[in-house]
Amino acid sequence: DRMNKMLAIDIGASSGRVILGSYDGLTLQIQELHRFDNGPVFRNGQACWNLDYLLLEIKQGIEIAGVSGHVIDSLAIDTWGVDFVLLDGQGEQLGDAVSYRDNRTLGMQEKLNGLITKNTIYTKTGIQFLDFNTLYQLAALTEDRPNWFDSVARLLFIPDYLGYKLSGIQHCEYTNASTSQLLNCASGAWDKELLELINVPEQWFLPAQSPNRLIGHYNSKSAGQIKVASIASHDTASAILALPVTGQDTVYISSGTWSLMGIESEHALNSPLAQSFNVTNEGGAENRFRVLKNIMGLWLIQNVQKEFGDFSFAQLVNLAKDSDAFKSLIAPDHPSFLNPVNMSCAIQDFCRETQQVVPETPGEFARCIFESLAFQYRKVWLELNQLKPASLKRIHIIGGGIQNTFLNQLCADACGVEVRTGPIEASAIGNICGQLIALNQIESVQQARELVSNSFPIKSYKPSQTNEFLSHWAKFERISLDTPERKN
Ligand code: ADP
Ligand code: LRH
Numbered sequence: 015d016r017m018n019k020m021l022a023i024d025i026g027a028s029s030g031r032v033i034l035g036s037y038d039g040l041t042l043q044i045q046e047l048h049r050f051d052n053g054p055v056f057r058n059g060q061a062c063w064n065l066d067y068l069l070l071e072i073k074q075g076i077e078i079a080g081v082s083g084h085v086i087d088s089l090a091i092d093t094w095g096v097d098f099v100l101l102d103g104q105g106e107q108l109g110d111a112v113s114y115r116d117n118r119t120l121g122m123q124e125k126l127n128g129l130i131t132k133n134t135i136y137t138k139t140g141i142q143f144l145d146f147n148t149l150y151q152l153a154a155l156t157e158d159r160p161n162w163f164d165s166v167a168r169l170l171f172i173p174d175y176l177g178y179k180l181s182g183i184q185h186c187e188y189t190n191a192s193t194s195q196l197l198n199c200a201s202g203a204w205d206k207e208l209l210e211l212i213n214v215p216e217q218w219f220l221p222a223q224s225p226n227r228l229i230g231h232y233n234s235k236s237a238g239q240i241k242v243a244s245i246a247s248h249d250t251a252s253a254i255l256a257l258p259v260t261g262q263d264t265v266y267i268s269s270g271t272w273s274l275m276g277i278e279s280e281h282a283l284n285s286p287l288a289q290s291f292n293v294t295n296e297g298g299a300e301n302r303f304r305v306l307k308n309i310m311g312l313w314l315i316q317n318v319q320k321e322f323g324d325f326s327f328a329q330l331v332n333l334a335k336d337s338d339a340f341k342s343l344i345a346p347d348h349p350s351f352l353n354p355v356n357m358s359c360a361i362q363d364f365c366r367e368t369q370q371v372v373p374e375t376p377g378e379f380a381r382c383i384f385e386s387l388a389f390q391y392r393k394v395w396l397e398l399n400q401l402k403p404a405s406l407k408r409i410h411i412i413g414g415g416i417q418n419t420f421l422n423q424l425c426a427d428a429c430g431v432e433v434r435t436g437p438i439e440a441s442a443i444g445n446i447c448g449q450l451i452a453l454n455q456i457e458s459v460q461q462a463r464e465l466v467s468n469s470f471p472i473k474s475y476k477p478s479q480t481n482e483f484l485s486h487w488a489k490f491e492r493i494s495l496d497t498p499e500r501k502n
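This is the structure we're talking about:
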């Protein structure tokens with residue numbers, strides 16, 4: 015029998031890659047064919063995504079596969095959540111693809127609070143309150159009402175839009191649509207009341223369809239006609255599909271630009287306790303829920319890296335190791351870190367305003383960021399343990415961030431449990447497994463996870479310095495509460 019070959023087009027907030035997956039019926043192998051930078055760009059005064067550039071890079075990656083002689087069964091796209099493109103009646107893009115980091119949503123949550131209770135929104139959608147949810151982005155847009163607004167015929171989320179540009183097919187995939195905070199978590203349908211509240215017609219949306227199905231074709235120059243699959247197109251959903259464990263005793267962290275930390279559940283956990291932790295219930299493959307929290311993640315170090323210029327991530331990790339422990343801590347999720355003009359200055363301001371030592375060197379910044387993330391992991395670990403008492407045994411980290419072995423160890427130390435890591439390219443691997451399901455080569459998420467576990471190595475980290483973390487826990491709690499105002 016010949017191998018199945020699939021292309022995963024996985025675009026995170028910091029980089030995009032085209033990865034070839036080869037499946038021989040027993041194991042899966044991956045090979046990176048193309049990698050390109052991604053990040054917010056400024057357009058018309060707003061933080062946006064450069065989708066034309068991303069499309070060119072995607073097409074280039076597909077041609078690399080063709081020119082290398084690979085016969086490709088299918089391809090599929092996953093990206094970050096919440097953001098979207100609007101189309102007119104002719105299917106042409108209207109306005110820019112504004113990034114979730116743009117500040118147009120400032121104050122929108124408060125505005126909607128006057129019209130509907132947070133409790134109603136949470137009970138309906140199960141989605142965590144984040145300023146940048148599609149709900150608040152659309153509220154900001156309808157308030158702005160640019161002159162093209164009345165011409166809108168369709169809203170496509172970013173991966174659906176990129177898929178449309180390849181295949182001509184307009185589609186709405188469920189896992190990514192669920193991040194909008196506009197889907198009802200019980201029915202999976204668009205919530206009419208929420209849409210009316212923000213003056214958005216329901217016709218803009220297609221019904222959200224569960225992933226792992228074939229939806230169209232792409233005609234490439236060198237690889238011929240390739241099937242286009244719809245997989246769990248929210249990158250985090252694909253990453254969690256590729257978790258090499260099937261038990262219910264594991265907390266995952268999908269570690270990249272964001273750290274998405276949580277558990278999988280058959281049912282949405284949208285109780286008042288869950289709401290008090292602002293835990294989200296995003297949709298997963300096979301109608302499972304991703305009960306998780308967003309943590310600001312490696313975005314913090316990405317910015318510091320750019321500001322200091324000369325250091326690789328590996329070098330910053332080494333400098334952090336050589337710096338003093340527990341000198342300065344930040345609350346990673348503080349709004350002042352979402353899109354600051356200068357991250358290093360925002361961190362210094364935070365430390366100054368909370369009466370701590372102010373970091374100055376790259377190593378001191380990196381140490382502060384990694385330790386603070388580890389403390390935040392502990393905070394969320396404790397909350398998840400309250401939602402699932404006595405059942406959680408370890409943490410499993412996937413994604414590019416696991417190359418930071420120092421942070422993996424800090425996570426084990428701070429949480430006082432074993433941490434396992436791998437694979438690195440979890441989103442791309444989950445994307446490929448989704449295609450294998452669409453191609454009828456494997457049957458289920460369970461089988462996908464067994465395949466991942468048989469194909470990629472896993473590392474283990476045992477907790478060692480938990481007492482040191484515990485002795486600074488009260489300080490972390492203090493600075494987490496005592497937070498300065500958001501500046502923008
Ligand atoms: P995303 O998909 O959100 O763009 P990735 O999953 O690709 O992000 O993870 C990228 C992050 O992984 C980087 O921001 C960096 O912090 C971390 N990383 C990558 N390589 C290394 C390395 N060699 N050492 C330490 N950290 C690394
Ligand atoms: C991670 C991610 C995350 C979303 C954010 C917008 O890439 O998709 O799950 O909350 O980006």
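Counting from 15, one number per residue, gives the positions in the sequence shown under UniProt numbering.
Positions of the beta carbon are idealized from the N, C-alpha and C atoms, including for glycine.
These numbers come from a predicted model, not from an experiment.
Extent of the continuous beta strand (DSSP E) to which residue i belongs
| i | result |
| --- | --- |
| glutamate 46 | 42–51 |
| aspartate 92 | 88–93 |
| alanine 243 | 239–244 |
| serine 165 | Segment: none, serine 165 is in no beta strand (DSSP E) and carries neither H nor E. |
| residue 505 | With the chain running from 15 to 502 in the structure shown, residue 505 is simply not present. |
| leucine 101 | 98–101 |
| valine 32 | 29–37 |
Option nearest residue i by Cα separation, candidates the options
| i | options | result |
| --- | --- | --- |
| threonine 134 | Glu439, Val112 and Asp205 | Asp205 |
| glutamine 43 | Lys473, Ile446 and Glu482 | Ile446 |
| leucine 343 | Glu367, Phe322 and Val331 | Glu367 |
| aspartate 92 | Val242, Gly311, Gly261 and Gln362 | Val242 |
| isoleucine 183 | Pro215, Tyr232 and Phe163 | Tyr232 |
| tyrosine 391 | Ala428, Cys365 and Cys382 | Ala428 |
| glycine 105 | Ala167, Gly298, Asp324 and Arg304 | Ala167 |
| alanine 380 | Lys341, Leu465 and Pro173 | Lys341 |
| glycine 80 | Thr131, Leu257, Val32 and Glu378 | Val32 |
| glutamate 374 | Glu385, Phe322 and Phe490 | Phe322 |
| leucine 255 | Ser494, Glu300, Pro354 and Leu398 | Glu300 |
| leucine 54 | Asn161, Thr271 and Asn308 | It is proline, not leucine, that sits at residue 54 in the sequence shown. It is Thr271. |
| valine 112 | Tyr475, Leu152 and Cys359 | Leu152 |
| serine 36 | Phe490, Lys19, His48 and Glu46 | Lys19 |
| lysine 132 | Ser285, Phe389, Asn117 and Ile23 | Ser285 |
| asparagine 127 | Gln319, Val355, Pro160 and Asp145 | Asp145 |
| asparagine 353 | Glu397, Asn399, Glu216 and Thr119 | Thr119 |
| glutamine 400 | Ala288, Asn454, Ile23 and Ser194 | Ala288 |
| aspartate 87 | Ala237, Leu484, Ser181 and Asp324 | Ala237 |
| alanine 360 | Asn317, Leu333, Phe219 and Cys62 | Asn317 |
| glycine 95 | Ala334, Val459, Val372 and Ser192 | Ser192 |
Proximity below 7 angstroms, CB of residue i to CB of residue j
| i | j | result |
| --- | --- | --- |
| alanine 452 | arginine 115 | no |
| threonine 294 | serine 268 | no |
| residue 504 | glycine 436 | Given that the chain is displayed from residue 15 to residue 502, the structure contains no residue 504 and the question cannot be resolved. |
| isoleucine 277 | valine 259 | no |
| glycine 448 | isoleucine 245 | yes |
| asparagine 190 | phenylalanine 163 | no |
| alanine 253 | glycine 413 | yes |
| glycine 140 | alanine 282 | yes |
| serine 234 | proline 173 | no |
| phenylalanine 384 | leucine 421 | yes |
Anticipated Cβ contact below 8 angstroms, residue i with residue j, distance rounded
| i | j | result |
| --- | --- | --- |
| methionine 17 | aspartate 38 | 5 angstroms |
| leucine 330 | methionine 357 | The Cβ separation is near 13 angstroms, so there is no contact. |
| serine 89 | leucine 196 | Residue identity differs from the one stated: residue 89 is leucine in this sequence, not serine. Rounded, the Cβ-Cβ distance is 28 angstroms, inconsistent with contact. |
| glutamine 417 | isoleucine 438 | 7 angstroms |
| leucine 169 | leucine 100 | 6 angstroms |
| leucine 129 | leucine 211 | 6 angstroms |
Alpha helix (DSSP H) segment containing residue i, residue limits
| i | result |
| --- | --- |
| tyrosine 150 | 148–158 |
| aspartate 24 | Here aspartate 24 belongs to no alpha helix (DSSP H); instead the beta strand (DSSP E) covers 18–25. |
| glutamate 367 | 357–367 |
| leucine 398 | 376–401 |
| valine 331 | 327–335 |
| arginine 492 | 487–495 |
| isoleucine 451 | 440–452 |
| lysine 341 | Per DSSP, lysine 341 belongs to no alpha helix (DSSP H) and is neither H nor E. |
| glycine 177 | 172–181 |
Opposing strand residues paired with residue i [DSSP bridges]
| i | result |
| --- | --- |
| phenylalanine 303 | Ser279 and Gly297 |
| cysteine 62 | Val55 and Val112 |
| isoleucine 267 | Met275 and Ile411 |
| leucine 435 | It should be pointed out that residue 435 corresponds to threonine in this sequence rather than to leucine. Paired residues: Ile411 and Lys473. |
| asparagine 233 | Gln239 |
7 angstroms Cβ cutoff, residue i in contact with chain C
| i | result |
| --- | --- |
| histidine 185 | No chain C is part of this structure, which consists of one protein chain only. |
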